[in-house]
Amino acid sequence: MIYSEYLFPNDMHIYWSLMIVTYPFITGLIAGAFIASALFHVFGLEELKPISRFALMVSLAFMVCATLPLLFHLGHPERALNVVITPHWHSAMAGFGFIYSFYLVVLTLEIWLSYWEEIVAYSKTSASGVKRLFWKTVALGVDETSGEIRQANRRAIYILGLIGIPSACTLHGYVGFIFGSLKSNPWWSTPLMPQVFLLSAIVSGLALLIVMYIALSSKGYLTWSFECLRTLCFYLWLSMLFYMISEGLEILFFFYESSDAWFVISTLLSTKLWVSFVLIQVGIGIVVPFTLLSIMIFVRNNQGAYTTMAVIAAATALFEVWMMRWNIVIGGQQFSKSYVGFRSYHPEWLDQEGILTTMGLTLLPFLLLYLLTRILPMKEAVEDEEPPAEVEPG
Amino acid sequence: MKALRHLKRALWIIAFLFVAGNMIRFSVVPESFGQYGDFRGAHLAEERARDPIHRGSDICGECHDERLEEKNNGAHGPIPCENCHFQPYAGDENHPEAHPEVSQSPDRSQRACLTCHQFFPSRPSAFPQLANFPEHIATNALKLNKDHVGAHTLCVHCHNPHDPKIDLKQNG
Amino acid sequence: MDKKKNRRAFIKSAGRALAGLLMVVAIPKPGRAQRIHEIEIGEDAPDWLDHYWVYLIDTTKCIGCGACVRADKRENSVPPKFFRTWVERYQITEDNHVHVDSPNGGHDGFLPEDLAQLLTSVELETDGSPQGIGRVKKQGRVTKGFFVPKMCNHCRNTPCTQVCPVNASYQSPDGVVLVDKTRCIGCSYCVQACPYGSRYIHPEKHTADKCTWCYHRITKGLLPACVTVCPTGARKFGDLKDQSSEIKKLLSTQRLNVLKPELNTEPFCFYIGLEQSVR
Ligand code: SF4
Ligand code: SF4
């Protein structure tokens with residue numbers, strides 16, 4: 061049977077807008093950055109040491125901003141806390157408040173412990189009394205940095221990292237679950253969705269770290285180490301590989317099963333998503349970074365070329381993940397539930413959920429990160445006995 | 529054990545926040561929540577409280593009993609008065625006091641009748657419908673009411689909407 | 005048989021436990037159906053515990069006049085361009101093309117915009133046959149046609165209340181899916197989850213909105229507005245707990261179908277004469 065174009069009368073609107081594209085993107089950066097630091101703290105990947113503490117800070121900065129797009133999106137942001145007051149346990153979205161706060165606690169603790177020595181040092185050496193008081197409060201009135209404490213801290217960080225990995229996976233897997241569990245929408249409804257979201261989160265987090273690491277270490281804010289970059293790039297390549305397999309399998313199964321879903325998806329891919337998915341996301345976003353990263357595995361000595369390629373690969377990978385969020389969130393709403401009607405989405409510049417808000421919300425974490433680095437140093441912990449007293453807090 | 533002092537303090541703070549947060553959380557749950565299930569029970573009564581707008585034909589019959597009887601005995605019997613007498617499109621204020629939302633003079637245009645009686649292949653074939661309106665006028669209307677024949681002929685010129693059937697033999 | 009049932013119950017509860025674990029602190033709650041029967045009916049039992057509503061649409065009787073859509077708009081102040089109920093027109097041509105449309109939800113009937121043309125011209129897209137209007141442009145003769153009124157199906161296994169994070173969308177004890185507008189946060193997750201397009205976000209209230217089966221009418225002994233105004237009796241509504249009701253008889257004797265049965269939403273809005281091409 062051939063259908064004429066028909067949308068259900070209520071299906072004229074796209075309710076999940078740019079904000080819902082931004083939200084999983086920012087959340088993904090948290091999970092990715094966290095996993096990078098876990099590779100060092102838990103799995104003992106020594107190469108990643110120069111970035112381990114900084115990665116945590118990146119995580120925190122994005123974590124604090126992750127809820128903002130949601131608030132901008134809600135029809136009644138003032139009721140947002142209803143999600144934890146009367147949560148509905150059958151709803152994937154209800155878990156958000158709890159998973160989020162749990163993860164925030166784990167992350168804050170981990171940062172607190174990794175900066176323990178600096179915190180104690182500041183509480184003693186800061187110039188003004190107010191600052192000393194502030195740091196004393198942060199140190200909870202404890203001012204010891206003995207070897208014993210250090211060991212305890214190290215163990216605690218290890219445990220926190222151990223707890224943090226599954227919670228990072230949950231935080232991001234569940235965002236995928238929100239989409240993947242809707243049987244009403246063939247473009248979303250697949251058990252691979254949580255996995256695709258998690259893997260793309262790791263891709264985006266690592267890519268962001270790579271870009272920032274290259275930029276900041278060239279200015280001397282972070283300790284440069286070629287091995288560190290190589291390791292990051294290798295894990296980016298690996299997560300990208302798994303991500304590609306998942307995403308590819310998803311489409312392959314839709315195609316091969318050739319059910320009602322494929323009828324919608326094939327039309328989507330050849331019309332509304334032709335440019336944004338096929339040409340941009342796959343054609344540029346996946347092919348370019350993956351090819352570069354594969355070549356880079358064989359580049360051993362030419363640091364300059366390697367770094368250039370790394371920047372391009374990481375930037376396109378970041379872009380790819382953003383496009384993937386767009387294609388899933390917006391693409392999934394570009395057809396009516398009748399499956400035979402399609403609609404377009406044109407974001408406004410000045411809308412509450414428009415382009416300017418999106419840019420603002422994407423830049424906000426970077427501002428926050430800047431402020432954080434004014435308070436705490438970016439570089440890795442100094443191993444020697446001397447407290448880093450020369451670092452004056454901002 | 530002295531080494532764990534700061535960790536212990538942190539844990540106490542977290543425990544305190546957890547308990548306090550949950551106490552606040554539970555204290556702001558609406559009272560009737562959970563009364564009948566996972567929702568605010570009082571909402572059932574709130575949803576019920578609204579006044580119905582469509583009151584049915586019997587209310588009209590309290591004043592217009594003859595009209596109602598006429599309608600009920602005719603082919604339009606199953607149609608409630610409100611279908612035509614409700615302001616079809618907002619702006620009519622003919623029936624102000626007793627029931628402001630009802631208008632005395634409904635839409636008398638051809639559109640109002642054809643909404644039901646224009647032929648569409650999707651309509652059940654047993655339902656009386658007109659495939660060709662101008663032809664209908666040309667053949668039937670002429671016999672009944674010559675004055676009104678033309679582009680402005682209204683259905684109601686010949687058909688009484690309350691009892692639309694016309695016995696052509698009798699009238700013709 | 006019993007064993008099978010037990011197994012299914014076990015799988016169900018295991019699934020629920022797993023979902024609960026995932027939700028970190030879940031307190032397992034009994035299923036919906038159980039809850040309804042467990043509720044104690046006290047002295048001042050509200051009457052919503054005495055009923056279990058069900059809706060039935062006979063597509064073979066619908067003439068597509070749109071009276072229901074108009075009544076619904078008035079009764080429930082439905083905002084323009086949104087619909088709690090709507091009527092679709094299906095026209096299937098000889099060459100198996102399915103033409104579906106629902107201009108303004110069927111609110112103004114299905115007459116063409118330019119009514120004057122219809123009224124004065126004898127040869128409207130015709131091939132000379134008096135049924136000229138029966139042709140869909142360029143696609144050949146319509147061999148099969150019908151109207152399908154649609155609305156919220158008040159599903160039993162409802163995907164929309166399942167996803168509401170704050171319990172604002174819920175199923176009432178008498179089987180009506182309602183939205184508590186004082187708790188809804190306007191996340192529109194339920195709009196995404198409904199496979200039938202029955203929900204929308206109210207453009208002014210910014211909360212989810214949908215058909216309530218006219219809860220304010222049915223709990224007072226009236227019929228929903230759309231049922232009241234339907235001139236041909238295509239829409240039927242009734243109480244399953246009322247043993248002598250007409251709807252009970254129809255449901256037990258007619259051949260029924262529901263929309264998108266493959267999704268297992270268990271709609272409680274049944275259809276008579278539903279064609280397989282209906283989306
Ligand atoms: S039809 Fe849609 S809105 Fe109505 S109960 Fe089913 S899923 Fe919910
Ligand atoms: S829009 Fe309102 S009713 Fe719908 S899922 Fe969100 S909170 Fe629940």
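Residue numbers (the working numbering), protein chains in the order written: chain A, 61 to 454; chain B, 529 to 700; chain C, 5 to 283.
Glycine included, every Cβ here is placed at the ideal spot set by N, Cα and C.
- Shown in chain order are the members of the region 542 to 564 of chain B whose Cβ falls below 7 Å from a Cβ of chain A: I542, R553, V556, V557 and F561.
- In this structure, V371/A is the residue among E310/A, M72/A, V371/A and S336/A with its C-alpha nearest to the C-alpha of F350/A.
- For E204/A, the CB contacts under 8 Å within the same chain, skipping 5 residues up- and downstream, are V180 in chain order.
- Excluding five sequence positions before and after I222/C, the CB atoms of its chain that fall closer than 7 Å to its own CB belong to W57 and P228, given in chain order.
- Relative to the non-hydrogen atoms of ligand 1, the Cβ of R283/C never comes closer than 7 Å to any of them.
- Residues lining ligand 1 by the Cβ criterion, that is a Cβ closer than 6 Å to any of its heavy atoms, are C156/C, N157/C, H158/C, C159/C, T162/C, P163/C, C164/C, V181/C, C198/C, Y200/C, S202/C, R203/C, K214/C and T269/C in chain order.
- G589/B: member of the alpha helix (DSSP H) spanning S585 to G589, first to last residue.
- A residue is called buried once 16 or more other Cβ atoms fall within 10 Å of its Cβ, and C66/C is buried on that count.
- Residue state for G88/A is assigned as helix, using DSSP reduced to three classes.
- Assignment of beta-bridge partners to P153/C by DSSP yields V91/C.
- Neighbours of L572/B in chain A, taken as residues at a C-beta separation under 8 Å, are lacking, since the least C-beta distance is about 16 Å.
- Ligand 2 approaches S192/C closely enough that one of its heavy atoms is under 7 Å from the residue's Cβ.
- Membership of K240/C in the beta strand (DSSP E) is indicated by the continuous run R239 to D243.
- The region 167 to 174 of chain C and the region 128 to 135 of chain A do not touch, with fewer than three beta-carbon pairs separated by less than 8 Å.
- Per DSSP, the unbroken alpha helix (DSSP H) holding S183/A starts and ends at W176 to T185.
- At least one heavy atom of ligand 2 falls within 7 Å of the beta-carbon of T211/C.
- For the pair K154/C and P199/C, the CB atoms are not nearer than the 8 Å cut-off.
- At least one heavy atom of ligand 2 is found less than 7 Å from the C-beta of S173/C.
- Distances from the CB of V144/A to the heavy atoms of ligand 2 are all 7 Å or more.
- Residues N268, T269 and E270 of the same chain have their beta carbon placed closer than 7 Å to that of N161/C, with the five preceding and five following residues left out of the count.
- Taking a Cβ-Cβ cut-off of 8 Å, H406/A has no neighbours in chain B, whose nearest Cβ is about 31 Å from it.
- Here E413/A is buried: its Cβ has 16 or more other Cβ atoms, across all protein chains shown, within 10 Å.
- L266/A and L78/A have their C-alpha atoms some 23 Å from each other.
- Beta-bridge annotation (DSSP): C273/C is paired with Y59/C.
- DSSP, read as helix, strand or coil, puts H103/C in strand.
- S173/C is bridged by DSSP to V183/C.
- Proximity to Q393/A across I346/A, I62/A, V81/A and S64/A peaks at V81/A, based on C-alpha coordinates.
- Residues of chain B with a Cβ closer than 7 Å to the Cβ of S176/C are, in chain order, L572.
- Listed in chain order, the non-local C-beta contacts of Y66/A below 6 Å within the same chain comprise S398, V400 and G401, local neighbours out to five positions each way being set aside.
- Note that the C-beta distance between F156/A and V143/A is below 8 Å.
- Chain C places a beta carbon closer than 8 Å to that of R568/B, counting this residue as a contact.
- Residue contact with chain C for A603/B: absent (no Cβ-Cβ distance below 8 Å to any residue of chain C).
- Per DSSP, reduced to three states, the secondary structure at D76/C is helical.
- Between ligand 2 and the CB of V684/B, the shortest heavy atom gap is not smaller than 7 Å.
- Between R74/C and I581/B, the C-beta spacing is not below 8 Å.
- Under the criterion of beta carbons closer than 8 Å, Y303/A and V342/A do not qualify as touching, at roughly 12 Å.
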